[in-house]
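Its first residue numbered 429, the sequence shown is counted upward by one per residue in my numbering. Below: one structure, written as structure tokens.
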Amino acid sequence: MPMTDKSSPAPARSLRVATPGGALYLTDHQGAGPAVVMMHGFPDDCRIYDHLVPLLKPYRAITFDWLGYGHSDRTDATFITRADHEAELGAVLDALAVDRVVLVGHDASGPDVVDYTLRHPRRVARLVLLNTYYGHAGSPRFPEMIRLLAEKDLEPLADAMLADQQQRLWLLLHTARRFGFNAESLDPDGVGATSVIPQFFGDINQSDALTAIRAWTRTLPAALAEQDATIASGALAALDVPVTLIFGAGDEYLSAVLAGRLSSLFSNSSVHLADGSSHWPQWDQPEVVARLIKQGIS
């Protein structure tokens, strides 16, 4: 069996899409429909899908960076809400004239794609959730770093730690170990160095995303409460769109147990665990994730 070259994503056109808050950076890999639209979580960018995109052929694959992250424009917003991300996703789909889509949400973008699907069910052919959460269902465990940044009373401490680059790096490495990969080696070709570190320290192509990081964590407690209310309303159970949950089994926070509990919220769902994968199954086990997405389309 020929080896798959994970390092070279399929050729794509890169675009910038205007929104009221700034321009979004996206990549559009042409192919058949429905388009697979993939969203990154917190705190990384669309490069977390670099291993997966080539394996989604012959389907169209679209990735983009949320405002404030990756190669999208930076934001000075104090808060980033679910309505902001819904508008950004809608702007991407409208700019590309995409009708029916498969939405893929990872980590913090999981609630975003669920909420978008609830509001626009006819536009979504399938929902794919990767190591994510929704409200307090299943008692998700958030990393200590995120809990620190989300706690209003600890905001001065959080800001002081982020202002110190050594403390900032320590927080990242501690969180990485808990997410299931060897942070000590800090593989220069790994997902951490490729997609996470630049959000905290910037690189030659982008400034850091610390403003967006703080804006998102400030809204987390309120967002979780809103998601709890959505669950209580019965909206998730009434959703007709098929839902596929694919979780990396090595994630100690958004874990395999949580995947099963989230699946029970939907009436038409399935759960698949990627053994040997960390918090980023699309990076660690892209063949598994691609096969499950394509099976769901066909």
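No residue lacks a Cβ here, since even glycine has one placed at the ideal position from N, Cα and C.
GLY459 and THR447 have their C-alpha atoms some 25 Å from each other.
In the structure shown, ASP679 falls within a coil segment according to DSSP collapsed to helix, strand and coil. In the DSSP assignment, LEU701 falls within the beta strand (DSSP E) that extends over 697-702. Going by DSSP, LEU582 is part of no alpha helix (DSSP H) at all; its letter is neither H nor E. By the Cβ criterion, the region 625-636 is in contact with the region 468-481, since at least three pairs of Cβ atoms, one from each stretch, lie closer than 8 Å. Contact check for LEU484 against VAL464 passes: the beta carbons are separated by less than 8 Å. The three-state secondary structure of THR603, taken from DSSP, is helix. Taking each of GLY498, ALA451, ASP478 in turn and checking the Cα distance to VAL624, the smallest one comes out for GLY498. With respect to the 8 Å criterion, VAL529 and ARG510 are not classified as neighbours on the basis of their beta carbons. Within the region 633-682, the runs of alpha helix (DSSP H) at least 4 residues long that lie entirely inside it are, in chain order, 638-660, 663-666. By the C-beta criterion, the region 551-569 is judged to be in contact with the region 525-543, since at least 3 inter-stretch pairs fall below 8 Å.
Contact between HIS564 and ASP679 does not hold, since the beta-carbon distance rounds to 18 Å and is not under 8 Å. Per DSSP, PHE492 is one residue of the beta strand (DSSP E) stretching across 487-492. C-alpha of PHE694 to C-alpha of PHE507: approximately 29 Å in a straight line. Under the DSSP assignment, VAL716 falls in the alpha helix (DSSP H) whose first and last residues are 714-725.
For TYR497, no alpha helix (DSSP H) run applies, since DSSP gives it neither H nor E. Excluding the 5 residues flanking it on each side, SER691 has same chain C-beta neighbours closer than 6 Å at LEU673, SER697, VAL699, in chain order. For ARG569, the secondary structure class from DSSP, reduced to helix, strand or coil, is coil.
For THR645, same chain residues with a beta-carbon under 7 Å away, outside a window of 5 residues either side, are ILE574, LEU577, ALA578 in chain order. One thing to note: LEU667 has its Cβ within 8 Å of the Cβ of LEU546.
With a cutoff of 8 Å on beta-carbon distance, LEU682 and TYR561 are scored as near each other. With the rule of 3 Cβ pairs closer than 8 Å, the region 698-717 does not count as touching the region 582-597.
When only Cα atoms are considered, GLN634 and ARG444 end up about 15 Å apart. Secondary structure at TYR453: strand, using DSSP grouped into helix, strand and coil. Within the DSSP bridge table, the entry for ASP535 names THR560 as partners. Classified as buried, VAL541 has 16 or more neighbouring CB atoms from the shown chains inside 10 Å of its CB. The C-beta of GLU572 has fewer than 16 other C-beta atoms within 10 Å across all chains shown, which makes the residue exposed. In terms of CA proximity to ASP504, LEU638 leads the group ALA621, TYR453, LEU638. Under the 10 Å beta carbon count, ILE632 is surrounded by fewer than 16 other beta carbons and is classified as exposed. The beta carbon of PRO670 sits closer than 6 Å to the beta carbons of ARG554, ASN696 from its chain, once the five residues preceding and following it are set aside; these are given in chain order.
Leaving aside the five residues that flank ASP543 on each side, the residues in its chain whose CB is nearer than 7 Å to its CB run, in chain order, ARG510, GLU514.
Here THR447 carries a strand assignment [DSSP, helix/strand/coil].
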